[in-house]
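Colleague: This is the structure I have questions about; it appears just below.
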Ligand code: TYC
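In our numbering, the protein residues as written are 270 to 411.
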């Protein structure tokens, strides 16, 4: 049998040689069917080599939405400034998000990993307090 390169389309732990092709060569069996490859008594054909890929150990991080809450007192222009300053929005996008919060009560500023989201919330809350506005910023797990 000719070796062939692994492809990324194969699932983790996929045998490099599919069981079906091993069976067709008589090199593998799922039970002792008397094949000439022998049987050492543990149910594994000693003539069979199954190669598995190691499980990839990278995991996607949990992601968190950073949200602004509406209130009756924080000036619209201040909220737009917050969105430009801490969330890298241009004036048009910041105005769109601010008006969404104004009309719907809550709106998304961005989605970040835990520590980045936590930092944004702290920055916004500190900035609002410094300017004596009651603006509230929170995070929620996606
Ligand atoms: N509702 C505020 C006003 O009318 C504006 C506002 C928008 C406040 C968004 C907070 O997150 C906010 N001045």
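We treat Cβ as the ideally placed atom computed from N, Cα and C, and that holds for glycine. Note that this is a predicted model, so its numbers are computed, not measured.
#1: Sort out for me which residues DSSP pairs residue 405 with in a bridge.
#2: Would you say residue 389 and residue 332 are within 8 Å of each other, going by their C-beta atoms?
#3: Just to check, is the beta-carbon of residue 343 closer than 7 Å to a non-hydrogen atom of ligand 1?
#4: Could you tell me whether any non-hydrogen atom of ligand 1 is closer than 7 Å to the CB of residue 404?
#5: Where residue 386 and residue 321 are concerned, what is the direct C-alpha to C-alpha distance, given to the nearest angstrom?
#6: Determine, using beta-carbon pairs with one atom in the stretch 357-377 and one in the stretch 394-403, whether at least three such pairs fall under 8 Å.
#7: In terms of alpha-carbon separation, which member of 409, 393, 315 lies closest to residue 355?
#8: Counting only the same chain and skipping the five closest in sequence on each side, list residues whose C-beta sits under 8 Å from that of residue 338.
Modeller: The structure says:
#1: 338
#2: no
#3: yes
#4: yes
#5: 38 Å
#6: no
#7: 393
#8: 370, 374, 375, 404, 405, 406, 407
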